[in-house]
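What follows is one structure encoded as structure tokens, with my remarks underneath.
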Amino acid sequence: MTPKVHVKKDDKVVVLSGKDKGKSGKVLKVIPRDNKVVVEGANIQKKHAKPTRNNPQGGVIEQEAPLYSSKVQLVCPRCDKPARVGARFLEDGKKVRDCKKCGEVIDK
Numbered sequence: 001m002t003p004k005v006h007v008k009k010d011d012k013v014v015v016l017s018g019k020d021k022g023k024s025g026k027v028l029k030v031i032p033r034d035n036k037v038v039v040e041g042a043n044i045q046k047k048h049a050k051p052t053r054n055n056p057q058g059g060v061i062e063q064e065a066p067l068y069s070s071k072v073q074l075v076c077p078r079c080d081k082p083a084r085v086g087a088r089f090l091e092d093g094k095k096v097r098d099c100k101k102c103g104e105v106i107d108k
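See the structure below:
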């Protein structure tokens, strides 16, 4: 059974720990099998690339590496602050995420 990741693609998150603590960015990719996420502008690592047809120069490329999802916290779109995420059911039976600070539904 794969663990549940509390953030989804295109969510705005803030990094809680590590060398990029305090940085915020958009979630580019979610890897639920490994419980990891890739955040735009966080955990930048250098990769040495050989020259290819797409990249004729080769050289050193900087790219985002995955972070554990427990190291990021969702930023609520309404109160614009990092908040814990809860889950609840709407009247029509749909399960949605909600902000624990302001109670706003995150999934529209």
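Heads up: the sequence shown at position 82 corresponds to 82 in the UniProt record's numbering, and the numbers run straight through without jumps.
Beta carbons are placed, not taken as given, at the ideal position from N, Cα and C, and that holds for glycine.
As the structure is a prediction and not an experimental result, all values here were calculated from the model.
Counting only runs that start and end inside the segment 14-57, there is no alpha helix (DSSP H) element of at least 4 residues. Taking the CA atoms as reference points, LYS71 sits about 13 Å from ALA83. The C-beta separation of SER24 from VAL85 comes to about 16 Å, leaving the pair out of contact by the 8 Å criterion. Cβ-Cβ distances below 8 Å link ALA87 to LYS95, VAL96, ARG97, ASP98 in the same chain, with the five nearest sequence neighbours on each side left out; the list follows chain order.
Rounded to the nearest angstrom, the gap between the Cα atoms of LEU16 and ASP34 is 19 Å. In the DSSP assignment, the residues bridged to ALA87 are ARG97. For LYS71, the three-state secondary structure derived from DSSP is helix. In the structure shown, ILE61 falls within a strand segment according to DSSP collapsed to helix, strand and coil. For LYS8, same chain residues with a beta-carbon under 6 Å away, outside a window of 5 residues either side, do not exist.
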